[in-house]
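Take a look at the structure set out below.
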């Protein structure tokens, strides 16, 4: 391999990715990837960031993609390096996030014969990558042939980027063989290679398809809406871009008379206003307490986006209710409950738009609506939040997990991003974010719903957010991605990592196993798994500010300080862990009692 | 699914693993795996350890396997949890370590339809697992049928464990579907299930095959030895068990007249004595300096174990030397240099034993040996270490990386374990461990040779070592597995993590790219990648003791304190990073000058 050919080939490939729209490159150091790294670093259109741990790098890239919507590129060396991306690749696949994973590899003559950092990288991610491209090595061609080689490379890069978006967004794995010498030739600066026009061929433009809804799905849904007396929408996880859906949803609700139960992750809860639709943001409380909704269910439930996350919803939808449920979501069969009446896999906004057009065209009377039920929904919404507030603000009630969540939501800067950990936080925000009071985008990880990589991902989101990011996680989630704090420190806007430290995996206490006295010993050891660690020292180790907040006032003050400056703050909220499950039970009972009147009506 | 069936099935499976010889179970918390976790926790023969981060758990398990030689079992929940094992699984595959990876899964009716923490787990590790067992779910059988179901489960577990050893040791992936309820029935204690005899069938014993060498390989090697005038052995990476090879090697050397260049990772360097063979432990220096050995090479080179790691060896063996090289190693084609004359893939001890028998039977004269060459080897060995010592101990020479390595080796407790990071440490120990003075086992990660998971692995090794463990790593390796410190804190013996903090990836400075002035900006940012972090705070965060040692005396004192107590100490050795490459160059020159006389002879 000539040094010149290797460097030129790498530069043309990287330039191809830049021309196809890649802007962010996350590099993890290594030797074998040198030609690609040097090409990326020299490219004017690419922003490179170096992250030592490939797993953290992968989640960081995902955080970027959640904000930007375009594929970030991961770039690593040969060996187990690429294997560390596996959890991120799976999340990107499940969540349908575009992502380019470029792994440098040793050439085939070094495979299977004891060379260091050499593993089988072909199809490394199996079915979890949308496609796998084995690029091989730079060809030995003379100068004249480079223009056509470069043209093919640029088109290959464009094809790869297209496959991260179409027909289904997700991760694409690209493997490239690198032969020594890995450095560019002395006489040719990498910069010069990077500046050489990449192609002499005709410029390429490429488009994928829009996922327009099937007209008969639109017709079926519109007909169902027209006939419904108690139509309701439940909105589950959706990407940040779904913030743009709010006007459209308001239009559909006005036309169809929907009551809307929007989860925070749907981007339709934290809208900064009480309207413009009839909200039942407390729906999960009603379902958990078993009051009102189970007895007076909607006769049409339109599920927008993925299946709802709330425990009340999960249990209710799985319990074979006689609901007419219509699932409207982008590609993906979002019905783990096996009871949907109809599923339309197509762009949600396009679907809502077509339905609205049809309702406007055919006219709807509104007379079919059960106005009493709608009024009861409004009343239930009011009673739920009163009951929750009354219980939380009761004299003598100590500061607990719900209070912390409520305080964080109240302090959230308008227009900022709220990133949610899985397990408890993603559910508690739904239980304590009364509708519409906060205006924020919600970043979440509901593809595979793991507790992994959330700090790294928040740092990635912060790198492109242009506003402050607040991450709400539990203590085990912090420990699972502790070194993610290292990526947070230099954040341009404020990045606030609020750790609800309830001393282990308290989510499990909300499951049946948590109530079993006979299992308490293994339960404590292997499920709660309380970890000994010092969050203040951890923050210090990675150059983050630290604040301990054991009450509402100190939490408010800590958040105010954190938002006042760029960079990261770890806000540590120590909580009486064993109180969380008890308090949830108490709140369910309070909601149940408050709604009893409505239920009897 | 009945709760009883699920729990019983899980208990029988886990009991089967215990009967097949599994003793260590590393659990990462989750809900879906509950029946398996409860069964493991209740089993008297199993030692369970809970580790929140599955990646750290995987490397911890590998550390155990390196010491115990038997498969540890990894146990995790559904979703991306299992994906975090991927780097460990690849390392186990490449290094041929037995390992059982048991992933709980949601049943097929929840796949592909938006259920949380549900991914395609089938064949998750692709070609990197030796085998994949899809166990399915517990069957709905009546009480009478359980004995035969349990018998089949026990045999399946025995088969799985067999496949972690035979025909090629490595990781085996087992996937089990779990349906709710995940808790055991109220009326049956898990303990009672665990204590039920697992099988009624006939007890099973199973054996794999010994990998005896092919007689014609033994004949060819013996003949080559008899004819050789300058026979030499180079010993590359081998497992801890190869410590038992020392007597056999001495016998072969006595019979065949070998000079031995043993790398530290071969278990044949740190033997605590200068003999009993003719050592050329400074061989890598000779090759790096280009003196003596290149000019007066062996006429037979027997490579024992994997390909040598040292840079001198790597470069020399790749440079098409006219060497007769005979590779004797367990299964694996250990010749990335494409120049071996013969390769025997079989048990090394068996091969050495057969060769020794044959040499004894046929008799060898010893007269064919080039005694002058052997004397020069002895002289070269002496001169190398004198030159290295003289250069390092020169007045005004500041305390640097070589001094730190030398001090650590000198202070190593006899009979303890030395764990080596990849990149620089594994190579520097060879360059600064003069032969035979220290008696220690060497734990290494030369399967895929990554810098990942080394602290977790050292903690795992320490959990079974029964002696102190000293881990020698660089700063980037520390950061890649920072949370591994959390696993170290409670170590029963002393676990000493010595961090050679040279401010980034200084290994790269020893490569051609490090010498390129025109690339210094991207080189510093994307290769050296110096990270800002506070190791003292990091140690404190995870409850490890901390010592800073910036000179030989303070390092000696820190090590003495660290070895005096159980638990983990992070010994932070700040080094002038940019000096490492310069010093290496200086040492190469010194060795070259010292050997010039010998070369002219």
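Residue numbers (this note's numbering), protein chains in the order written: chain A, 7 to 607; chain B, 7 to 607.
We put the CB at the ideal spot given by N, CA and C, even for glycine.
Beta-carbon gap between residue i and residue j smaller than 7 Å
i	j	result
residue 63 (chain B)	residue 455 (chain A)	no
residue 334 (chain A)	residue 315 (chain A)	no
residue 178 (chain B)	residue 185 (chain B)	no
residue 439 (chain B)	residue 415 (chain B)	yes
residue 18 (chain B)	residue 156 (chain B)	yes
residue 40 (chain A)	residue 519 (chain B)	yes
residue 463 (chain B)	residue 475 (chain B)	no
residue 257 (chain A)	residue 604 (chain A)	no
residue 390 (chain B)	residue 597 (chain B)	yes
residue 426 (chain A)	residue 482 (chain A)	no
residue 564 (chain B)	residue 555 (chain B)	yes
residue 491 (chain B)	residue 457 (chain B)	no
residue 83 (chain A)	residue 38 (chain A)	yes
residue 307 (chain B)	residue 238 (chain B)	yes
residue 407 (chain B)	residue 586 (chain B)	yes
residue 252 (chain A)	residue 277 (chain A)	yes
Residues sharing a beta bridge with residue i, DSSP
i	result
residue 78 (chain B)	B:105
residue 349 (chain A)	A:333
residue 474 (chain A)	Residue 474 (chain A) pairs with nothing; no bridge assigned.
residue 501 (chain B)	B:475, B:574
Three-state secondary structure (DSSP) of residue i
i	result
residue 604 (chain A)	helix
residue 122 (chain A)	coil
residue 183 (chain A)	strand
residue 130 (chain B)	coil
residue 506 (chain A)	strand
residue 341 (chain A)	coil
residue 16 (chain B)	helix
residue 39 (chain B)	coil
residue 172 (chain B)	coil
residue 69 (chain A)	helix
residue 457 (chain B)	coil
residue 33 (chain A)	strand
residue 299 (chain B)	coil
residue 365 (chain A)	helix
residue 149 (chain A)	helix
residue 177 (chain B)	strand
residue 404 (chain B)	coil
Rounded distance between the beta-carbons of residue j and residue i, thought under 8 Å
i	j	result
residue 358 (chain B)	residue 255 (chain B)	7 Å
residue 137 (chain B)	residue 36 (chain B)	About 24 Å; that fails the 8 Å criterion.
residue 284 (chain B)	residue 211 (chain B)	The Cβ separation is near 45 Å, so there is no contact.
residue 130 (chain B)	residue 98 (chain B)	About 14 Å separates the two Cβ atoms, so there is no contact after all.
residue 541 (chain B)	residue 505 (chain B)	6 Å
residue 273 (chain B)	residue 235 (chain B)	The pair is not a contact, with the Cβ atoms about 28 Å apart (cut-off 8 Å).
Residue interval of the beta strand (DSSP E) (run including residue i)
i	result
residue 57 (chain B)	Segment: none, residue 57 (chain B) is in no beta strand (DSSP E) and carries neither H nor E.
residue 309 (chain A)	306 to 310
residue 241 (chain A)	237 to 241
residue 654 (chain B)	Nothing about residue 654 (chain B) can be read from this structure; chain B reaches only from 7 to 607.
residue 91 (chain B)	That residue, residue 91 (chain B), is in no beta strand (DSSP E); it is neither H nor E in DSSP.
residue 234 (chain A)	It is not in any beta strand (DSSP E) - residue 234 (chain A) carries neither H nor E in the DSSP assignment.
residue 210 (chain B)	Careful: residue 210 (chain B) lies outside any beta strand (DSSP E) and carries neither H nor E.
residue 448 (chain A)	446 to 449
Segment limits, alpha helix (DSSP H) that includes residue i
i	result
residue 493 (chain B)	491 to 494
residue 318 (chain B)	317 to 324
residue 486 (chain B)	481 to 486
residue 539 (chain A)	No alpha helix (DSSP H) holds residue 539 (chain A); DSSP gives it neither H nor E.
residue 396 (chain A)	377 to 398
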